[in-house]
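Colleague: Residue numbers (my numbering): 5 to 1166.
The C-beta atom is built at its ideal place from N, Cα and C for all residues, glycine as well.
Remember, predicted model here, so these are calculated numbers, not experimental data.
1. Using the beta-carbon count (16 or more within 10 Å), is residue 166 buried or exposed?
2. Can you look up residue 51 in the DSSP assignment and give me helix, strand or coil?
3. Any idea which residues DSSP pairs residue 768 with across the strands?
4. For residue 366, count the other beta carbons within 10 Å of its own beta carbon; 16 or more makes it buried, fewer makes it exposed. Which is it?
5. For residue 208 and residue 198, what's the separation of their Cα atoms in angstroms?
6. Would the beta-carbon of residue 309 fall within 7 Å of that of residue 318?
7. Can you give me the start and stop residues for the alpha helix (DSSP H) that residue 883 sits inside?
8. With 16 as the cutoff for other CB atoms within 10 Å, does residue 1022 come out buried or exposed?
9. Can residue 568 and residue 771 be called in contact, C-beta distance under 7 Å?
10. Let me confirm a value: residue 37 is counted as buried when at least 16 other C-beta atoms fall within 10 Å, else exposed. Which label applies?
11. Per DSSP, what are the beta-bridge partners of residue 542 in this structure?
12. Please state whether DSSP places residue 272 in a helix, a strand or coil.
13. Classify residue 1112: buried if its beta carbon has 16 or more other beta carbons within 10 angstroms, exposed otherwise.
14. Compute the Euclidean distance between the alpha carbons of residue 605 and residue 370, then round it to the nearest angstrom.
15. Are the segment 696 to 707 and the segment 290 to 306 touching, with three or more C-beta to C-beta distances below 8 Å?
16. For the candidate residues 409, 956 and 295, whose alpha-carbon lies nearest to that of residue 254?
17. Enumerate in chain order the residues of its own chain whose CB-to-CB distance from residue 284 is below 6 Å, with the five nearest sequence positions on each side excluded.
18. How many Å lie between residue 141 and residue 422 at the Cα?
19. Would you report the Cα separation of residue 427 and residue 462, rounded to the nearest angstrom?
20. Does the segment 1007 to 1021 come close enough to the segment 957 to 971 that 3 or more CB-CB pairs lie under 8 Å?
21. Could you name the residues of the same chain whose beta carbon sits closer than 7 Å to that of residue 618, not counting the 5 residues immediately before and after it, in chain order?
22. In whole angstroms, what separates the C-alpha of residue 967 from that of residue 389?
23. Mind reading off the beta-carbon distance from residue 1036 to residue 868? Whole number of angstroms is fine, and I expect it under 8 Å.
24. Comparing alpha-carbon positions, which option in 344, 884, 992 and 402 lies nearest residue 377?
25. Tell me the DSSP secondary structure of residue 970 in three-state form.
26. Decide if the segment 56 to 69 is in contact with the segment 105 to 117; the criterion is three or more beta carbon pairs, one per stretch, under 8 Å apart.
27. Does the contact criterion of 3 or more C-beta pairs under 8 Å hold for the segment 219 to 238 versus the segment 456 to 476?
28. What does the alpha-carbon distance come out to for the pair residue 1029 and residue 1018?
29. Please determine, among 528, 342 and 135, the residue with the shortest C-alpha to C-alpha distance to residue 773.
30. Run through DSSP, which three-state label would residue 103 get?
31. Report the rounded CA-to-CA distance for residue 903 versus residue 50, giving the unit in angstroms.
32. Assign residue 947 to buried or exposed, taking buried as 16 or more other Cβ atoms, counted over all protein chains shown, within 10 Å of its Cβ.
33. Comparing alpha-carbon positions, which option in 983, 1157, 951 and 121 lies nearest residue 231?
34. For residue 116, which option in 1084, 132 and 28 has the closest C-alpha, if you only look at C-alpha atoms?
35. Can you list the beta strand (DSSP E) stretches of 3 or more residues lying completely in the segment 330 to 375, in chain order?
36. Leaving out the 5 sequence neighbours to the left and right, which residues in its chain are closer than 6 Å to residue 1087 when beta-carbon positions are compared?
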């Protein structure tokens, strides 16, 4: 049961329990009423103001179209003398905030009387409800007097019964329920299929594709080729892990530039095809809102609306109406959605999302911030959740724990539980790393795997049959073959229940060519005026901080950095503030989200008594005023000659030459950006992006820069976040962030997948006499931040950003020599402390050890087994759909070899119109009109061709493909269940009978699989490999017609094949039952550990001070925790045992040829 279903079941159980004691019970959700009725043995049901509610079989049901005044929305349950009455109400009055009961006591008698008055009125005013329809959408039926098989397309209630829309081919008709004579059932017995004629290869392939699309297979990926992106295997790691996870939640922490946005879009595609992505919310920093809208439109053909007051009201209204089907896709800024009124509106109106995606999710990691509170709420109101962050997390801090607790607060309730669950994952990932190495003895791997049994959760995982099978393979081999590695890989991936919730891919793991980073240092010498301003600004700010008893970082950091960035811009900005003695921290940082995070996490010098000035009477205020006047005097005399700007102008020509006419200049400050634009616009074409740039304008400028419409883009820290500049290869760091990871993120905007240049030129300014030069320039050069990705040093550097670096750089108790000494110690800590680096390597292995196996598994197993939907088979499906009905065709386009001109007629236009689309780029009405008017439409089945030509990409969600799927589902019958065909394969050969089964597994992890079983015609060898080869050939449309063998031979092969299936079924169900028991036990132990820790903490407090006033509250809390623990354990126990159902769905007579030179297109 998912999170939402569990909460609903708990509500219903509570309501039914209260009915035994009280005459009236109220629940806020009106749709709960039908579930309450279904769980009661005898009750009456009244639906008030609830559209599209049908009568419930066996229950006396009535309805009223509109609620009387004064009746709250919700579920009202009455325990009366004539029995229980359940009333579901949707009215103009919103639901109450909480569930409650009325006891009938004196102070509640009037209220209870009012409620029962409503019940009496409703019993007389409500009309009997229509019984539910006999036939459901998608079912195949026969109609009186007709030979064709029709498919139910839709139904609607009318007075006295139901009215159906049915389709046959492209024709749509309406029919009364009485005219339908019954459903059409297929013969699912292969014996009968053998008696019929074999269908051709394309018909069988179409049937297989139709089954894959119609059955939502657990082990299949539907998002391959579904987006306007180039295929990258690593981008499917999150998809696979997400689908493997029980709770559909994942943290994607890939390095900058590897396509986290695409990965989230692919997960969305998967959920959409599985029918569980009707309501989607994307949350990101405000500068990225337009980027997300554009990316989803251009790469995934999605229309996403901005989150606003209007869209929130629409969400609330739809939720109140109990209409979960209306699709809504929204993108909201963190700044907007984390406001208290928005969070309250989401929580109090029972709003729920099918999928929530949070970009730059590292802002959620600090549990004391409003952004973290926002993440926790969104997690509680979403079925699936995806967090994206390129900022790495350190396992030795609370960062990862806090993020995972947002994702799954049940599994990661406390830190100890989190650490305990990591232990088996550490073992599994170490074994995974061993499998990627050459010449590792199986005995060594087996010994590593046995360490799984050393931890509590590992012992539970060791009871899985996959563990025993992996050990058996390792024990029986001296050398592991490729087949062994495939098997062990598959087996150990099931042993860790942690890895499915986290994924991180690094550029170093991938094979694509990367650009070389080439840094150039530009040394700048300040004149005496610049140096004097900096000197006295420093003294004034530090003394001011000491007198106010605050760490100097709060006051001094930003003004000093601004001065280092651009002294003329700083003088212009700071002069008035110094004159008025009015400096505010918030003025200096554009990114308030980042500020909130860094200030909360920073540590500062512990000032000694010599530094903290307790007595301001001893001339310190006079000294402070002296420094302020010296700063002001120097600023008033400033001549605004700028050696740094002159150096920039001197290097811009070279930068534009090596950068192909485009250069980016990074600065942390808007004041610097405005100053540079002012002085460069007469020499070059210049644009700027800062935090003040509206999102639409920001993205428009980025597009223009991509097209080469201007030469120089001057951009701030906030402006870079989430934007891709892989087309540019020359950048200036006009100032340096005091956080090495910020430097990496700047460069990462250019150094990402798709960077076409071999070299990225990085120009860095260094000003003698500043903190930037004395501390940060030197450190960054020594650890080669500018030359290479910091890789394994990322967590170390991330810590330094808010601890050691800033602390000693701004510590007034340290002399210059002492600061240099500390800097040398830091360099040694980073460059020479192999223990820290080893810790980070271990952390990477701990979290991503299986990821490379998943990449290999995807490229080897999934591709070789056909466990995905290929674009070639979608092309076959569409071509046969057009040809079978004769109302359209695809003609090769003259513009591109992979493009086609689609033409059709009014019947095809009708099919397109009926499907609808959430697409932004595909205007369904326009497409239908063009087809109706026989205007050629350029389409393609190749993502690469669509990227090149902008032709419409036909994926499984395209209106024509959806129409084709529905058509072939309606035509799938006993007459087209067996075919004969030929494929080629590099290692297999022979003639086979193949029977394909649909496998449905119940229990803790429900699964639906497609399993092909085969028998060799001549040797009698039984296997699944030829069947998988067949499925893989279907994905490529790589098959030929073949006459097959005789019916007598097929009949002879069927009994031993059925015995093989029977034995596999027994073994598979036994393994699934064992796995189900282990997963249930893992969940039980996690629940027990989490609640027991909370209970023991409360009990320890009581034991320390039994007389404390809070003891009664603590005891009550313990009782509540014990009740909640038992409720969760009961929920786990109620999941039930495993059952495995097999249904034969298709069969094939198959010839496999080893020849690789045969034609591969049917």
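Modeller: Reading it off the structure:
1. Buried is the call here.
2. Correct three-state label for residue 51: strand.
3. In the DSSP assignment, residue 768 forms a beta bridge with 525 and 737.
4. When all chains shown are included, residue 366 counts as buried.
5. Taking the straight line joining both Cα atoms gives about 14 Å.
6. For residue 309 and residue 318, no; Cβs fall outside 7 Å.
7. Here the alpha helix (DSSP H) through residue 883 covers 875 to 889.
8. Within 10 angstroms of the beta-carbon of residue 1022 lie fewer than 16 other beta-carbons, which makes it exposed.
9. Contact: yes.
10. Residue 37 comes out buried.
11. None; residue 542 has no bridge partner.
12. The answer is helix: DSSP assigns residue 272 an H, G or I state.
13. The residue is exposed, with fewer than 16 neighbouring Cβ atoms inside 10 Å.
14. Low per-residue confidence applies at residue 605: pLDDT is 36, beneath 50, and the placement is therefore not dependable, though the value from the model is reported in the following sentence. Cα-Cα distance, rounded: 8 Å.
15. Counting Cβ pairs under 8 Å, three or more are found: they touch.
16. Looking at the Cα atoms, 409 is the closest of the given residues.
17. Same-chain partners within the cutoff: 333 and 359.
18. Cα-Cα distance, rounded: 45 Å.
19. Each residue's Cα considered, the two are about 7 Å apart.
20. In this structure the segment 957 to 971 does not touch the segment 1007 to 1021; the number of beta carbon pairs closer than 8 Å is below three.
21. Below a pLDDT of 50, predicted positions are generally treated as unreliable, and residue 618, at 40, falls in that range; the measurement from the model is reported next regardless. Same-chain partners within the cutoff: there are none.
22. In this structure, the CA atom of residue 967 is about 30 Å from the CA atom of residue 389.
23. For a cut-off of 8 Å, the C-beta gap from residue 1036 to residue 868 is around 6 Å, short enough to register as a contact.
24. Nearest to residue 377 by C-alpha distance, out of 344, 884, 992 and 402, is 344.
25. DSSP places residue 970 in helix when its eight states are reduced to three.
26. Contact fails between the segment 56 to 69 and the segment 105 to 117, because fewer than three Cβ pairs, one in each stretch, are under 8 Å apart.
27. Because the criterion of three Cβ pairs below 8 Å is not met, the segment 219 to 238 and the segment 456 to 476 do not touch.
28. Distance from the CA atom of residue 1029 to the CA atom of residue 1018, rounded to whole angstroms, is 8 Å.
29. Closest option to residue 773, Cα to Cα, is 528.
30. Correct three-state label for residue 103: coil.
31. When the Cα atoms are used, residue 903 and residue 50 turn out to be separated by approximately 56 Å.
32. By the neighbour-count rule (16 or more Cβ atoms within 10 Å), residue 947 is buried.
33. Of the listed residues, the one whose Cα sits closest to residue 231 is 951.
34. The residue with the shortest Cα to Cα distance from residue 116 is 28.
35. Qualifying beta strand (DSSP E) stretches, in chain order: 332 to 337 and 357 to 362.
36. Closer than 6 Å at Cβ, skipping near neighbours: 1136.
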